[in-house]
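Chains as they are written, first to last, in full-length UniProt numbering: chain A, 1 to 152; chain B, 1 to 152. We put the CB at the ideal spot given by N, CA and C, even for glycine. Worksheet for the structure shown next.
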DNA sequence: ACTCTCCGTGGACGCCATCGACCTGAGCCT
DNA sequence: AGGCTCAGGTCGATGGCGTCCACGGAGAGT
């Protein structure tokens with residue numbers, strides 16, 4: 001993980017479809033060298049994948065909610081995690097410090113679907129209670145913060 | 001936005017570096033047709049960009065926090081938004097229903113940096129108070145939920 | 001029926017991805 | 001010091017891909 005790797009990561013975080021040739025020009029190496037470096041970043045797990053960033057409303061996911069979950073005392077967090085993992089609406093899942101053990105970001109199409117999701121969550125073994133906050137609008141999301149040296 | 005567009009979006013959400021040729025094979029069109037469709041999805045704003053999904057710890061961003069912000073009565077939300085937007089640590093920003101007008105997801109390297117961020121936030125005009133919850137671990141994040149027809 | 005438009009196909013051409021062979025410098029052992 | 005070894009780079013070649021263009025068919029409107 002040297003400065004060139006950081007630059008590559010930065011470049012790919014801002015545009016994952018850059019060609020190896022273009023990456024090579026940006027960092028001052030040859031295309032095969034960049035190809036090998038990116039391959040290593042992928043297989044070492046630094047780069048987990050490449051995602052298109054899609055306007056959620058356009059694909060029928062206009063409702064965003066953040067849901068805190070309080071666990072039953074004595075509940076098994078791992079079992080709960082498995083129950084949460086199978087719910088596709090839960091896009092993100094954080095294990096938190098505080099009363100609420102988990103915080104979920106969920107995305108659904110309608111308020112009715114959100115209601116169903118909350119009901120399902122409250123029925124899940126180990127869940128003592130949930131607290132839902134609805135996002136009225138998303139100002140921005142997953143903005144990549146530059147981390148490398150300032151653009152080489 | 002027909003079924004083929006949805007498939008393309010799904011494919012690109014799970015792997016943004018698929019070639020047009022490969023996309024074409026998956027959806028049963030020719031490469032130029034796919035090229036044009038994806039171009040339209042981009043220029044119409046359905047596809048906002050392509051991001052590499054990077055392990056945050058690997059780039060020195062090991063601390064994730066969620067911060068709720070209560071606004072001063074009479075504060076101008078737009079001015080506040082501009083103040084928030086310039087803070088690179090704030091990866092996501094939602095305008096919420098409830099007492100806390102904004103919910104931020106911030107990522108920093110150390111607890112000390114988080115402290116600085118919180119201090120800065122509390123000094124920002126229009127901010128009445130903040131409430132910070134620290135994520136002990138991220139179980140998963142930005143998992144794309146399939147939305148199209150089941151894989152054609 | 002004619003035509004306009006949209007959206008696709010097929011062909012062509014230059015660039016890119018990717019492989020293999022070779023080069024160079026750092027570190028280390030004898 | 002000399003030389004081995006390995007990591008990590010460049011260079012060159014080739015097959016596939018991206019992308020431009022001209023062309024064609026289906027459906028709607030007049």
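Look at the Cβ atom of residue 45 of chain B, then the Cβ atom of residue 100 of chain A, and state whether they are nearer than 7 Å. Counted from its first residue, the second chain places residue 45 of chain B at position 45. Counted from its first residue, the first chain places residue 100 of chain A at position 100. For residue 45 of chain B and residue 100 of chain A, no; Cβs fall outside 7 Å.
Contact criterion: CB-CB distance below 7 Å. Does residue 80 of chain A meet it with respect to chain B? Taking the first chain and counting its residues from 1, one reaches residue 80 of chain A at position 80. It does not; no Cβ of chain B falls within 7 Å.
Between which two residues does the alpha helix (DSSP H) holding residue 39 of chain B run? On the second chain, position 39 is the one that residue 39 of chain B refers to. Its alpha helix (DSSP H) spans residues 31-43.
Residues of the region 39-51 of chain A with a CB closer than 7 Å to any CB of chain B: list them in chain order, please. 45, 46, 47, 48, 49, 50, 51
Kindly indicate the opening and closing residues of the alpha helix (DSSP H) around residue 91 of chain B. Taking the second chain and counting its residues from 1, one reaches residue 91 of chain B at position 91. Counting along the chain, residue 91 of chain B falls outside any alpha helix (DSSP H), though it belongs to the beta strand (DSSP E) covering 90-96.
Taking the alpha-carbon of residue 144 of chain A as reference, which of B/106, B/137, B/136 has the nearest alpha-carbon? Counted from its first residue, the first chain places residue 144 of chain A at position 144. Residue B/106 is the option with its Cα nearest to residue 144 of chain A.
Same chain, Cβ closer than 7 Å to residue 128 of chain A, neighbours up to 5 away in sequence not counted: Translated into the one-based positions of the first chain, residue 128 of chain A becomes position 128. Within its own chain, the residues whose Cβ lies closer than 7 Å to the Cβ of residue 128 of chain A, once the five positions on either side in sequence are excluded, are 70, 71, 72, listed in chain order.
Just the chain B side, please: which residues come within less than 8 Å of residue 20 of chain A by C-beta, in chain order? By 1-based counting over the first chain, the position of residue 20 of chain A is 20. What residue 20 of chain A touches in chain B: nothing, since even the nearest Cβ is about 10 Å away.
For the region 49-75 of chain A, which residues have a beta carbon sitting closer than 8 Å to at least one beta carbon of chain B? 49, 50, 51, 52, 53, 54, 55, 58, 59, 60, 61, 64, 66
Looking at chain B, is there any beta carbon in it that lies within less than 7 Å of the beta carbon of residue 12 of chain A? Mapped onto the first chain, residue 12 of chain A falls at position 12. Taking Cβ atoms only, chain B reaches closer than 7 Å to residue 12 of chain A, which makes this a yes.
What's the C-alpha gap between residue 15 of chain B and residue 141 of chain B? The residue given as residue 15 of chain B occupies position 15 in the second chain. The residue given as residue 141 of chain B occupies position 141 in the second chain. Their Cα atoms are separated by approximately 15 Å.
Beta-carbon proximity check, residue 156 of chain A vs residue 41 of chain A, cutoff 7 Å: This structure leaves residue 156 of chain A out entirely; chain A is present only between 1 and 152.
Mind listing which residues of the region 127-142 of chain B have their C-beta closer than 7 Å to chain A's C-betas, in chain order? 133, 134, 135, 136, 137, 138, 139, 140, 141, 142
Simplified DSSP state of residue 18 of chain A, which is helix, strand or coil: The residue labelled residue 18 of chain A in the question sits at position 18 within the first chain. Coil at residue 18 of chain A, not helix or strand.
So residue 73 of chain B is in the alpha helix (DSSP H); what residue range does that whole segment cover? Along the second chain, one-based indexing puts residue 73 of chain B at 73. Counting along the chain, residue 73 of chain B falls outside any alpha helix (DSSP H), and DSSP gives it neither H nor E.
Quick one: what's got a C-beta closer than 7 Å to residue 111 of chain B's C-beta in the same chain, skipping five residues either side? Counting from 1 along the second chain, the entry for residue 111 of chain B is found at position 111. The residues are 63.
Is residue 108 of chain A near residue 91 of chain A, with beta carbons less than 7 Å apart? Mapped onto the first chain, residue 108 of chain A falls at position 108. Mapped onto the first chain, residue 91 of chain A falls at position 91. No. Outside cutoff.
Span of the beta strand (DSSP E) holding residue 53 of chain A? Within the first chain, the letter at position 53 stands for residue 53 of chain A. Looking at the DSSP string, the run of the beta strand (DSSP E) that includes residue 53 of chain A is 47-54.
With 7 Å set as the bound, which would you pick, yes or no: does the beta-carbon of residue 112 of chain A sit closer than that to a beta-carbon of chain B? Translated into positions along the first chain, residue 112 of chain A becomes position 112. For residue 112 of chain A, the answer is no, since every Cβ of chain B falls outside 7 Å of its Cβ.
DSSP state of residue 107 of chain A, grouped into three classes? Sequence index remark: in the first chain, residue 107 of chain A carries index 107 (1-based). Look at residue 107 of chain A here: in three-state DSSP terms it is strand.
Below 9 Å on C-beta distance, what does residue 86 of chain B contact in chain A? For the purposes of this step, residue 86 of chain B is taken as the residue at position 86 of the second chain. Going along chain A, no residue has its Cβ under 9 Å from residue 86 of chain B, so there is no contact; the nearest lies around 12 Å.
Between which two residues does the beta strand (DSSP E) carrying residue 131 of chain B extend? For the purposes of this step, residue 131 of chain B is taken as residue 131 along the second chain, with counting starting at 1. Residues 127-140.
Residues of the region 89-107 of chain B in Cβ contact with chain A at a cutoff of 9 Å, in chain order, please. 89, 90, 91, 92, 93, 94, 95, 96, 97, 98, 100, 102, 103, 105, 107
Could you have a look at residue 9 of chain B and say whether DSSP puts it in helix, strand or coil? Sequence index remark: in the second chain, residue 9 of chain B carries index 9 (1-based). Here residue 9 of chain B sits in helix by DSSP.
Taking 7 Å as the cut-off, decide whether the C-beta atoms of residue 95 of chain B and residue 136 of chain A are in contact. As a first step, residue 95 of chain B must be located in the second chain, where it is residue number 95. As a first step, residue 136 of chain A must be located in the first chain, where it is residue number 136. Closer than 7 Å, so yes.
So, does the CB of residue 122 of chain A fall closer than 7 Å to a CB anywhere in chain B? What you label residue 122 of chain A is simply residue 122 of the first chain in a count that begins at 1. By this cut-off, residue 122 of chain A is not an interface position.
Determine, using beta carbons only, whether residue 145 of chain A comes closer than 7 Å to chain B. One-based indexing of the first chain puts residue 145 of chain A at position 145. Residue 145 of chain A counts as touching chain B.
Given that residue 6 of chain A touches chain B, what residues does it touch there, using C-beta distances under 8 Å? Along the first chain, read from residue 1 onward, the residue named residue 6 of chain A stands at position 6. Per Cβ cutoff of 8 Å: 59.
What first and last residue would you give for the alpha helix (DSSP H) that runs through residue 84 of chain B? By 1-based counting over the second chain, the position of residue 84 of chain B is 84. In the DSSP annotation of this structure, the continuous segment of the alpha helix (DSSP H) that includes residue 84 of chain B starts and ends at 77-85.
Could you work out which residues of chain B lie near residue 9 of chain A, taking near to mean beta carbons separated by less than 9 Å? The residue labelled residue 9 of chain A in the question sits at position 9 within the first chain. Within chain B, the residues near residue 9 of chain A are 52, 54, 58, 59.
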